[in-house]
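In my numbering, each number is its position in the sequence shown, counted from 1, plus 179. Notes for the one structure printed next.
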Amino acid sequence: MLRGAMAEHPRPNPLSAGLSVADVERQLEGRAELIATARRQHAELESLLSGRRWRRGLLRKPELVPALVARAEALREALERVQRRAATEAWSEELPVLREARELSARRERLTGLARRRLEVLAVVPAHLSLEEVLTRLEALVRQRPSWELNPGEVLVFETDTRRHPRGRQGEALRPGEGLSLRQRAAPLARSVLWPVVRPLAWPFLGSGRLRITSERVLWRPVFGELQEVRLGTIAEDGLQLASGSLGLRVVGNRLLQTRGMTDAEEVAALLELHRQAPLRGAARSGVRLESVALFPAKLGHLSGHAVLRPQGVSFIPEGQGPRALSAVTGKPTSLRGFDAAPVLESLRWLPGAEFDACVARVVEATGGQSWAAGETRYVAGTPVWRELRLVRGGDALVGKVEWAQEAAAGRLLREWPQALPSQG
């Protein structure tokens, strides 16, 4: 009984057994030195990532993360060895190597949280990643800086500038008051009294920027902040998320992109849905858009909508049918709302003629529209198409106005149609 009880006692404290701190460190066979070096590296990295210019700091010290990652396995084994010996040998809490090991473990936990927060600005971060995996991804994304300029072979599909679409009268709040200098407007009284009033008006501009969709990427350049980029082919099925009440869009893919102040966020999301998947994915790479088509706003009787003029006929899609048009093209349901069919139809021009016609036919069917063949439809000539384009079939009339950019295409198409009817005016 006595033997068993004595066997359960931990071994004596190494210092009380006559061993010096140097003896303990020597028994650890270099692990104490490894922990000391790692403490300096982790402290430097924590300080760097805590600063406002942490991206620049990582770029200026390219060796920092690789050096830490390279020693990860050895460091993990060293920390486990120290903790295990401390428990079995009842080491004193004042033993330097034990104190340093525990401080390092605590710092690694803090650093993991800090690095994750930095990475979450750039990408979606899985929960299971280790510190070294988070740092590796973070460093790679920081070094792969996106470019606003188009790469060779890349084609611009869509561009919008939210700075040119102010909401309400926000622009007036940014103009200096009459007779006030910049210094006066920056006075403490003005900051304390006026800022609560000015901030809601100025914030949409401060959070605004420019957005581009290309054949390969979506890019967001905010007025203040870093350029953001997501490759179209990496956008997840649920990777397009509209921010409720903030006119913003969140795009999740190989990176994370977040916009603000976009009055056309729903339309942009619809365009991204189109270009991230079949049939439009990669279609814009050719840089060629279908020329033998004219799209214009029109009315069929009292019903407003959009007309698609082609050599073989004309199609009409009722107004307010954007979501159904999008689903008809992609073959998938969509939760997006608040956009019209016009941008969907315009995007289809990146497809070859046969695919374009097939998609338009699906859109017409899904939206309750109509299609008239050219052989049974007549164009009422005599009025410039920018003023009025009138097509009749039986007792029905489709009337619209062609914008200047589509006038030439509309004229060519109508000349291919059967004999035009004389003007009734």
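Glycine included, each C-beta is placed from N, C-alpha and C at the ideal position.
Cβ distance (whole Å) where residue i is taken to contact residue j below 8 Å
| i | j | result |
| --- | --- | --- |
| ALA560 | GLY492 | That belief does not hold up - the Cβ atoms of ALA560 and GLY492 are roughly 17 Å apart, past 8 Å. |
| VAL578 | ARG557 | So it is not a contact: roughly 13 Å between Cβ atoms. |
| ARG400 | GLY388 | 5 Å |
| LEU283 | ARG218 | 5 Å |
| LEU317 | ARG286 | At roughly 17 Å, the Cβ-Cβ gap does not stay under 8 Å, so LEU317 and ARG286 are not in contact. |
| SER494 | VAL539 | 5 Å |
| TRP529 | LEU459 | 6 Å |
| PHE535 | LEU527 | 5 Å |
| GLN500 | THR546 | 4 Å |
| LEU398 | GLN407 | 7 Å |
Simplified DSSP assignment, three categories, for residue i
| i | result |
| --- | --- |
| SER465 | helix |
| PHE535 | helix |
| HIS481 | coil |
| LEU283 | helix |
| LEU515 | coil |
| THR339 | strand |
| PRO490 | coil |
| ALA302 | coil |
| ILE414 | coil |
| TRP270 | coil |
| GLY501 | helix |
| GLN437 | strand |
| ARG231 | coil |
| GLU582 | coil |
| ALA520 | coil |
| LYS565 | Checking the sequence, you will find Trp at residue 565 rather than Lys. In this structure, TRP565 counts as coil in the three-state DSSP scheme. |
| LEU242 | Position check: residue 242 holds Glu in this sequence, whereas Leu was assumed. GLU242: coil per DSSP, three-state reduction. |
| GLN262 | helix |
| GLY292 | helix |
| THR442 | coil |
| LEU323 | Checking the sequence, you will find Gln at residue 323 rather than Leu. It is coil, neither helix nor strand. |
| VAL334 | coil |
| ALA253 | helix |
| GLU470 | coil |
| PRO345 | For PRO345, the predicted model reports a pLDDT of 43, less than 50, meaning its position is unreliable and no value from the coordinates is stated. |
| HIS307 | coil |
| PRO275 | helix |
| TRP596 | coil |
| LEU530 | coil |
| ALA540 | helix |
7 Å Cβ shell around residue i - same chain, five flanking residues per side excluded
| i | result |
| --- | --- |
| ARG410 | GLU395, ARG396, GLY432, ASN433 |
| ARG516 | GLU445, PRO502 |
| ASP443 | THR339 |
| GLU555 | ARG572 |
| THR413 | GLY432, ASN433 |
| LEU488 | VAL472, ALA473, ALA589, LEU592 |
| LEU482 | PRO497 |
| LEU228 | LEU293, ALA294, ARG297 |
| ALA533 | none |
| LEU329 | LEU335, THR393 |
| ARG210 | ALA257, ARG260, VAL261 |
| GLU595 | PRO490 |
Strand pairing of residue i, partner residues [DSSP]
| i | result |
| --- | --- |
| PRO476 | HIS485 |
| SER394 | Paired residue(s): none; SER394 is not in a bridge. |
| TRP551 | VAL493 |
| GLU408 | LEU398 |
| GLN420 | ARG429 |
| ALA576 | VAL571 |
| ARG557 | VAL571 |
| GLY388 | PRO401 |
Cβ shell of residue i (< 8 Å), same chain only, five flanking positions each side left out
| i | result |
| --- | --- |
| ILE214 | LEU254, ALA257, LEU258, VAL261, VAL276, GLU279, ALA280, LEU283 |
| ARG234 | VAL321, GLU405 |
| ARG314 | Correcting the residue type first, residue 314 is Leu in the shown sequence and not Arg. Answer for LEU314: LEU224, VAL244, LEU247, VAL248, ALA294, listed in chain order. |
| GLY230 | GLY236 |
| GLU606 | Only positions 180 to 604 of the chain appear in this structure, which leaves residue 606 out of reach. |
| GLY480 | ASP575, ALA576 |
| ALA222 | ARG286 |
| VAL581 | ALA473, PHE475, VAL564, TRP565, LEU568, ALA589 |
Residues near residue i in its chain [Cβ-Cβ closer than 6 Å; skip 5 each side]
| i | result |
| --- | --- |
| ALA587 | none |
| THR513 | PRO502, LEU505, SER506 |
| ARG342 | SER387 |
* To do: Kindly confirm or deny that the segment 389-408 and the segment 447-454 touch, where touching means at least three C-beta pairs closer than 8 Å.
  => As far as the Cβ criterion goes, the segment 389-408 touches the segment 447-454, which means the pair count is three or higher.
* Below 8 Å, can you find three or more Cβ-Cβ pairs linking the segment 430-446 to the segment 459-477? -> In short, these stretches do not touch, since the Cβ pair count stays below three.
* Asked: Within the chosen definition, does the segment 252-266 reach the segment 320-338 through at least 3 CB pairs nearer than 8 Å?
  -> As far as the Cβ criterion goes, the segment 252-266 does not touch the segment 320-338, which means the pair count is below three.
* Asked: Below 8 Å, can you find three or more Cβ-Cβ pairs linking the segment 496-508 to the segment 562-571?
  -> Taking a cut-off of 8 Å for Cβ pairs, the segment 496-508 and the segment 562-571 do not touch, as fewer than three such pairs fall below it.
* Asked: So, do the segment 513-532 and the segment 443-450 have three or more beta carbon pairs nearer to each other than 8 Å?
  -> With a cut-off of 8 Å, the segment 443-450 and the segment 513-532 count as touching, because enough Cβ pairs lie within range.
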